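Here is the structure we will look at, set down as structure tokens.
Number of protein chains: 2
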Amino acid sequence: MGELILYDYWRSSAAWRVRLALAAKGLAASHVPISLIAAEQRSPDHLARNPQGLVPVLADGTLLLSQSLAIIEYLEETHPDPPLLPADPAGRALVRSAALIIAADVHPLGNLRVLRWLREELGQDEAAVTAWLHQWMGTGLAALEAFATSHGGRYVYGDRLSLADLCLVPQLYNARRFGLPIADLPRLLAAEAAVFALPWAAGTRPVEPESVK
Amino acid sequence: MGELILYDYWRSSAAWRVRLALAAKGLAASHVPISLIAAEQRSPDHLARNPQGLVPVLADGTLLLSQSLAIIEYLEETHPDPPLLPADPAGRALVRSAALIIAADVHPLGNLRVLRWLREELGQDEAAVTAWLHQWMGTGLAALEAFATSHGGRYVYGDRLSLADLCLVPQLYNARRFGLPIADLPRLLAAEAAVFALPWAAGTRPVEPESVK
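Residue numbers (this note's numbering), protein chains in the order written: chain P, 920 to 1132; chain Y, 920 to 1132.
As structure tokens, then:
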């Protein structure tokens, strides 16, 4: 492996998943901020890294990878210890399905480009945007709570940290940010607390850059 | 493994991905239709299979799996031959990232429940719904075309069928269904043609049930 460089945005949920994976595995990476507010993700430099114009991107030497779940699976395959997926195929599939509840069915509906479309193209006011976010976050997190009730222990799946927890933590941050009631998600809140009881977790939290304060 | 049962809906892109994976690997599965139009995915029986109330669900004996990419990774791990992911971690990550362009950043924005919200809660007309679909399908497919231009060969990634092609095929069906111009996606159209040149591919196509004609 070459030098790891993570191109990220401080408030990107997907980038936070990758920061959590790197920290869980004890991997050091340089961070290069890409400001979504300043549209830097549409710059020629960033589009050359990722034609999708999104963050995060992980560079491993000359290899450029996008899509947070693909990046984390890559880290899992190249740095298997400690694992973020169970050893058995059934457990691995269940963890991946839990992660995708958030990564596919919640997060893409609430990212910045989609919210901008709701406001600017569809003329929706903030109440409608919030209702939209609550609908998809609420249904997704309720499904994940049901998953954790069936399959969880200390964490979302069993008693070991997994990819599912890495997707949960940034989504709960978003839920609070947008005022979604989450008191009815006790299994998920317990898993979140278990993550932040890990010594490396706090250091992955989003930190607003000085320049945009 | 037990008996495989796929709970699907004929027009679900995600279910079609799984049908393609099963067919590629020569696996037989029973099919149980779940009508999204009749809201059968919200029935107690189906919610017991998947609290998210979505299709597809794959049952393998008593194991119930949701989320198409998690299901396909499970089939890949339990039936590795023929593979739907490359052998090397970099290639696997690239294929997964291509698949997620569609599975995370395009498809969830165009599924039935989201289009219903646009129409019923946000009062959008069909022109606005179509513009919405074109926006996300167009940007996602353009990014996948760029990926295929960099990394593709006969298929989206290299010269072997992969998970990326399984995500592409149903998305191109949707693009045509909703009138998105796709002539500017030559690499993707060539990969789609390569898939349908495979003897088992045509049998996976969506077939409208008699009862809803």
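A virtual CB, placed ideally from N, CA and C, is assigned to each residue, including glycine. Keep in mind it's a predicted model, so treat the numbers as computed, not measured.
Could you check whether the stretch 1037-1048 of chain Y touches the stretch 1073-1092 of chain Y, counting it as contact only if at least three pairs of C-beta atoms, one from each stretch, sit closer than 8 Å? No, they do not touch.
Is it true that the CB of ILE924 (chain P) sits closer than 8 Å to the CB of ALA967 (chain P)? Contact: no.
Going straight from the alpha carbon of LEU983 (chain P) to that of ASP1084 (chain Y), what length do you get? LEU983 (chain P) and ASP1084 (chain Y): Cα-Cα distance of roughly 20 Å.
C-beta contact flag for ALA1023 (chain Y) and ALA1022 (chain P) at 8 Å: It is a contact, given that the beta carbons lie within the stated cut-off.
Ordered along the chain, which non-local residues of its own chain (more than five positions away) have a Cβ less than 8 Å from that of TRP929 (chain P)? So the list reads PRO952, PRO1125, VAL1126, GLU1127 and PRO1128, once near-sequence residues are dropped.
Where THR1123 (chain Y) falls, given that 16 or more other Cβ within 10 Å makes a residue buried: THR1123 (chain Y) is classed as buried because its beta carbon has at least 16 other beta carbons within 10 Å across all chains shown.
Going along the stretch 1091-1107 of chain P in order, which residues come within less than 9 Å of chain Y, judged by CB to CB distance? Taking 9 Å as the Cβ-Cβ cut-off against chain Y, none of the residues of the stretch 1091-1107 of chain P qualify.
Any beta-carbon of chain Y closer than 8 Å to the one on VAL1075 (chain P)? Answer no: the Cβ-Cβ gap between VAL1075 (chain P) and chain Y never drops below 8 Å.
Excluding sequence positions up to five away, which residues of its chain have a Cβ less than 8 Å from the Cβ of LYS1132 (chain Y)? Summary for LYS1132 (chain Y): the model assigns pLDDT 44, below 50, so the residue's position carries little reliability; its value from the coordinates is reported in the next sentence. Cβ within range, chain order: n/a, list empty.
Against chain Y, does ILE990 (chain P) count as a neighbour if the rule is that its beta carbon must be under 8 Å from one of theirs? Taking CB atoms only, ILE990 (chain P) has a neighbour in chain Y less than 8 Å away.
How close, in whole Å, do the beta carbons of PRO975 (chain Y) and SER931 (chain Y) come, if the pair is a contact with beta carbons under 8 Å? With a Cβ gap of about 6 Å, PRO975 (chain Y) and SER931 (chain Y) count as contacting.
Chain Y beta carbons: is any one of them nearer than 8 Å to that of TRP1159 (chain P)? This structure cannot speak to residue 1159 (chain P), because chain P is shown only from 920 to 1132.
Shorter than 8 Å from the beta carbon of GLU922 (chain P) to some beta carbon of chain Y? No, GLU922 (chain P) does not count as interfacial toward chain Y.
Under 9 Å between beta-carbons, which chain P residues line up against GLU1039 (chain Y)? List them in chain order, please. Proximity of chain P to GLU1039 (chain Y) at the Cβ level (cut-off 9 Å) is not reached, the minimal Cβ distance being about 11 Å.
According to DSSP, which residues form a beta bridge with HIS1070 (chain P)? Looking at the DSSP output, HIS1070 (chain P) shares a beta bridge with no other residue.
C-alpha gap between ILE1020 (chain Y) and PRO1118 (chain P), whole angstroms: Between ILE1020 (chain Y) and PRO1118 (chain P), the C-alpha separation is close to 33 Å.
Residue range of the beta strand (DSSP E) that LEU990 (chain Y) falls in? Correcting the residue type first, residue 990 (chain Y) is Ile in the shown sequence and not Leu. ILE990 (chain Y) -> not in any beta strand (DSSP E); alpha helix (DSSP H) instead, spanning 987-997.
Status (buried if at least 16 other CB within 10 Å, exposed otherwise) for GLY1059 (chain Y): It is buried - the Cβ of GLY1059 (chain Y) has at least 16 other Cβ atoms within 10 Å.
Kindly indicate which three-state DSSP category PRO1125 (chain Y) falls into: helix, strand or coil? Note: PRO1125 (chain Y) maps to coil in three-state DSSP.
At what residues does the beta strand (DSSP E) containing LEU1085 (chain P) begin and finish? DSSP places LEU1085 (chain P) outside any beta strand (DSSP E); the residue lies instead in the alpha helix (DSSP H), whose first and last residues are 1082-1096.
Assign ILE991 (chain P) to buried or exposed, taking buried as 16 or more other Cβ atoms, counted over all protein chains shown, within 10 Å of its Cβ. Flag for ILE991 (chain P) reads buried.
Just to confirm, are ALA1138 (chain Y) and LEU955 (chain Y) a CB contact at a threshold of 8 Å? Outside the modelled stretch of chain Y, which goes from 920 to 1132, sits residue 1138 (chain Y), for which no answer is possible.
With C-beta atoms as the reference, is GLU995 (chain P) less than 8 Å away from LEU1004 (chain P)? Cβ distance < 8 Å, so GLU995 (chain P) and LEU1004 (chain P) count as in contact.
If we require 4 or more residues per run, which alpha helix (DSSP H) segments fall completely within the stretch 1004-1080 of chain Y? The stretch 1004-1080 of chain Y contains these whole alpha helix (DSSP H) runs: 1008-1022, 1031-1035 and 1045-1070.
By DSSP, does PRO952 (chain P) sit in helix, in strand, or in coil? In this structure, PRO952 (chain P) counts as strand in the three-state DSSP scheme.
So with Cβ pairs under 8 Å, would you call VAL1033 (chain P) a contact of chain Y? The Cβ of VAL1033 (chain P) sits closer than 8 Å to at least one Cβ of chain Y.
Put ASP1103 (chain Y) into one of helix, strand or coil per three-state DSSP. Coil.
TYR970 (chain Y) to HIS1053 (chain P), Cα distance in whole Å? The sequence as given places Pro at residue 970 (chain Y); Tyr does not occur at that position. Answer to the nearest angstrom: the Cα atoms are 18 Å apart.
Measure from the C-beta of TYR993 (chain P) to each C-beta in chain Y and report whether the shortest distance is under 8 Å. The beta carbon of TYR993 (chain P) falls within 8 Å of a beta carbon belonging to chain Y, placing the residue at that interface.
Going straight from the alpha carbon of ARG938 (chain P) to that of LEU1087 (chain P), what length do you get? Each residue's CA atom was taken as its position, placing ARG938 (chain P) and LEU1087 (chain P) some 13 Å apart.
Leaving out the 5 sequence neighbours to the left and right, which residues in its chain are closer than 7 Å to GLY972 (chain Y) when beta-carbon positions are compared? The answer, listed in chain order, is GLN960, ARG961, HIS965 and LEU966.
Is the distance from the Cβ of ALA1065 (chain P) to the Cβ of ALA1110 (chain P) below 8 Å? Taking the C-beta atoms as reference points, ALA1110 (chain P) is found no nearer than 8 Å to ALA1065 (chain P).
Tell me, please, whether the CB atom of SER912 (chain P) is closer than 8 Å to any CB atom in chain Y? The first residue shown for chain P is 920 and the last is 1132, placing residue 912 (chain P) beyond what the model contains.
With burial defined as no fewer than 16 other Cβ atoms inside 10 Å of the residue's Cβ, what is the status of PRO1089 (chain Y): buried or exposed? Buried: at least 16 other Cβ atoms inside 10 Å.
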